[in-house]
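Below: the structure, in structure tokens.
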Amino acid sequence: MKLFSKKKQKPEIPTNPTLPKIPPRFSLPFVISETVNNESITLKITEDGGFIYHTSSSEWIVTSNQLLSISYSEASSNKILEKIWTSKDVTHATDLGKIDVEGLRKVNLVELTLSGPVLGLLPKVIFGFVTLPISCPLIWKVSWVKAEAEPVVSDSSTPPVPPSPQMVLHTATLLRGSLMSSPDHHPDHPELPTHIYTSSWQSWGFAGTTPKGKAQPRHALPDIFAGEFHRGGEAPPSEASDAWLGKNMGWYSSDGFAAITSNGNSSHGCHSEAALVDSAGGPSLVLGMLSQKSNFSLVTANRDLEFIAVHSSYDGVIVGATPPPPTDFCWLQLLEPHNYKDEIMADYLDALGAHNKAKNPPAQPLSIGWGSWY
Numbered sequence: 005m006k007l008f009s010k011k012k013q014k015p016e017i018p019t020n021p022t023l024p025k026i027p028p029r030f031s032l033p034f035v036i037s038e039t040v041n042n043e044s045i046t047l048k049i050t051e052d053g054g055f056i057y058h059t060s061s062s063e064w065i066v067t068s069n070q071l072l073s074i075s076y077s078e079a080s081s082n083k084i085l086e087k088i089w090t091s092k093d094v095t096h097a098t099d100l101g102k103i104d105v106e107g108l109r110k111v112n113l114v115e116l117t118l119s120g121p122v123l124g125l126l127p128k129v130i131f132g133f134v135t136l137p138i139s140c141p142l143i144w145k146v147s148w149v150k151a152e153a154e155p156v157v158s159d160s161s162t163p164p165v166p167p168s169p170q171m172v173l174h175t176a177t178l179l180r181g182s183l184m185s186s187p188d189h190h191p192d193h194p195e196l197p198t199h200i201y202t203s204s205w206q207s208w209g210f211a212g213t214t215p216k217g218k219a220q221p222r223h224a225l226p227d228i229f230a231g232e233f234h235r236g237g238e239a240p241p242s243e244a245s246d247a248w249l250g251k252n253m254g255w256y257s258s259d260g261f262a263a264i265t266s267n268g269n270s271s272h273g274c275h276s277e278a279a280l281v282d283s284a285g286g287p288s289l290v291l292g293m294l295s296q297k298s299n300f301s302l303v304t305a306n307r308d309l310e311f312i313a314v315h316s317s318y319d320g321v322i323v324g325a326t327p328p329p330p331t332d333f334c335w336l337q338l339l340e341p342h343n344y345k346d347e348i349m350a351d352y353l354d355a356l357g358a359h360n361k362a363k364n365p366p367a368q369p370l371s372i373g374w375g376s377w378y
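Going by this note's numbering, the sequence shown wraps up at 378, each residue one higher than the last.
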């Protein structure tokens, strides 16, 4: 900003120099959009809760009824509390411009500042689009800043205030919402999800695809022997009691990432065993974290693959003078009709490797063998 013009003039004096500059007022709905190869990608911060993400080519949309929620408690208590932030808590948005995100080159990022501190913390939610040749995935994460403490009025006649109990942070939920059919594509015959790919961070867990409605394979060892080995990301207790999610939320759970696909025949009522294979190719969703440097993470879905959530575990970290670390980036990608031979998770896995600086394999053929850590 220029303070002086070329002519010699007295500088303008602010009418009230003691007042800070007020950020522009945030208004809803708030829309962030990109266009890639004539495809429109839109993130809409809604007026009544969270956000909607959709692309012009995908038959599905993803909605979240919140921007963020956390579970926390006193260090000496087993009672878990929850704080939810929605779009109504956004005070203003800041365009951060093109920022280098490790392995993803420059990404246009927008930061939403939320009001309503808890644990002495205020969250900031940072959204951005990753531009790829055929799609534009959404990435976002949460960072924390210390809230300004209210001034303490000293009065010798009042007894000293006991110190506040230590508070611990358990889980940050970055998405809690729905996977829905887009009204712009086949409104009379919506393409429904038919499969979910789930993963596990350790060797006993199941990694593979399960048809919708069928039970996810679990480990056979009793938890009394192997329970601690299975602890990756954890969902907050409220997930089990959320009436709007029904009784089957958490029917599917996946460490780190998950993929929900369609066989391309569900809208026509084809439910034979042959049709349960995603060979015809339908729309798909890839959802997961780009790293687990800060948190173990968990993707959950209900039995009908209608409701989805992403949780990042803070594992009971004590909230002190320094804010906890930000969450890792979450990745959300909607793809037009694909089948498994198209490797729907290829973009995500490439970004995962680049973000974590994974080394490329050598040019010569790799040795084939078997190994175990037992």
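Glycine is no exception: its CB is placed at the ideal position from the N, C-alpha and C atoms. Since the structure is predicted, the reported quantities are computational estimates derived from the model, not experimental observations.
Could you tell me which residues DSSP pairs with alanine 79 in its beta bridges?
Answer by DSSP bridge pairing: none, since alanine 79 is not bridged.
Quick one, which of Val35, Gly260, Leu291 has its alpha-carbon nearest isoleucine 348's?
Ranking Val35, Gly260, Leu291 by Cα distance to isoleucine 348 puts Leu291 first.
Could you tell me whether the Cβ atoms of aspartate 259 and serine 317 are closer together than 7 Å?
For aspartate 259 and serine 317, no; Cβs fall outside 7 Å.
So what does tryptophan 148 bridge to, in DSSP terms?
Bridge partners of tryptophan 148: Pro127.
Would leucine 309 and isoleucine 264 qualify as a contact pair, given that the criterion is a beta-carbon distance under 7 Å?
Yes, the Cβ-Cβ distance between leucine 309 and isoleucine 264 is below 7 Å.
On the DSSP letters alone, give me the boundaries of the alpha helix (DSSP H) that alanine 355 sits inside.
It spans 350-359 - the alpha helix (DSSP H) in which alanine 355 sits, taken as one unbroken run.
How far does the beta strand (DSSP E) with histidine 199 in it reach, from first residue to last?
199-202 is the extent of the beta strand (DSSP E) around histidine 199.
Under DSSP, the beta strand (DSSP E) around tryptophan 64 begins and ends at which residues?
Here the beta strand (DSSP E) through tryptophan 64 covers 64-68.
For phenylalanine 34, tell me which candidate among Thr95, Asn42, Val66, Thr59 has the shortest Cα-Cα distance.
Comparing Cα-Cα distances from phenylalanine 34 to each of Thr95, Asn42, Val66, Thr59, the minimum goes to Thr95.
Please return the same chain residues whose Cβ sits closer than 6 Å to the Cβ of cysteine 140, not counting the five positions on each side in sequence.
Closer than 6 Å at the Cβ level, and outside the excluded window around cysteine 140, lie Glu38, Val40, Ile45, Phe133.
Look at the alpha carbon of isoleucine 84 and the alpha carbon of glycine 254, and state the distance between them as a whole number of angstroms.
Roughly 18 Å separates the two Cα atoms.
Run through DSSP, which three-state label would aspartate 319 get?
Correct three-state label for aspartate 319: strand.
Within the continuous beta strand (DSSP E) that includes aspartate 99, where are the two ends?
From DSSP, the beta strand (DSSP E) with aspartate 99 extends over 94-104.
If you count every other CB in all the chains shown that lies within 10 Å of the CB of glycine 181, and 16 or more means buried, which is it?
Flag for glycine 181 reads buried.
Just to confirm the assignment, what range does the beta strand (DSSP E) spanning asparagine 112 have?
Note, asparagine 112: beta strand (DSSP E), 110-118.
Apart from the five residues on each side of it in sequence, which residues of its chain come closer than 7 Å, Cβ to Cβ, to serine 186?
Excluding positions up to five away in sequence, the list reads His58, Ser62, Glu63, Trp64, Ile65.
With a threshold of 16 other CB atoms inside 10 Å of the CB of valine 149, please say whether the residue is buried or exposed.
The residue is exposed, with fewer than 16 neighbouring Cβ atoms inside 10 Å.
Would you mind giving the Cβ-Cβ distance between threonine 90 and glycine 124, rounded to the nearest angstrom? I have them listed as a contact below 8 Å.
Not confirmed; about 21 Å, so no contact.
Between serine 266 and the rest of its own chain, which residues show a CB-CB distance below 6 Å, the 5 nearest in sequence each way excluded?
Glu195, Pro197, Thr198, Gly286, Pro287, listed in sequence order.
Look at the alpha carbon of threonine 331 and the alpha carbon of threonine 214, and state the distance between them as a whole number of angstroms.
Cα to Cα, the separation comes out at about 29 Å.
Relative to the alpha-carbon of tryptophan 335, which residue among Val105, Ala367, Glu86 has its alpha-carbon at the smallest distance?
The option with the nearest alpha carbon to tryptophan 335 is Val105.
Taking only the alpha-carbon atoms, compute the straight-line gap between lysine 103 and aspartate 354 and give it to the nearest angstrom.
As written in the sequence, residue 103 is isoleucine, which differs from the lysine given in the question. Rounded to whole angstroms, isoleucine 103 to aspartate 354 spans 19 Å at the Cα level.
In whole angstroms, what is the alpha-carbon distance linking glutamine 70 and leucine 179?
If I take the Cα positions, the gap works out to 7 Å.
When you compare each of Tyr76, Ile36, Glu43, Ile88 to leucine 4 by their alpha carbons, which one comes out closest?
Absent from the model: residue 4. The displayed extent of the chain is 5 to 378, so no value can be given.
Measure the CB-CB distance between valine 323 and methionine 184 and report whether it falls below 7 Å.
Cβ atoms of valine 323 and methionine 184: not closer than 7 Å.
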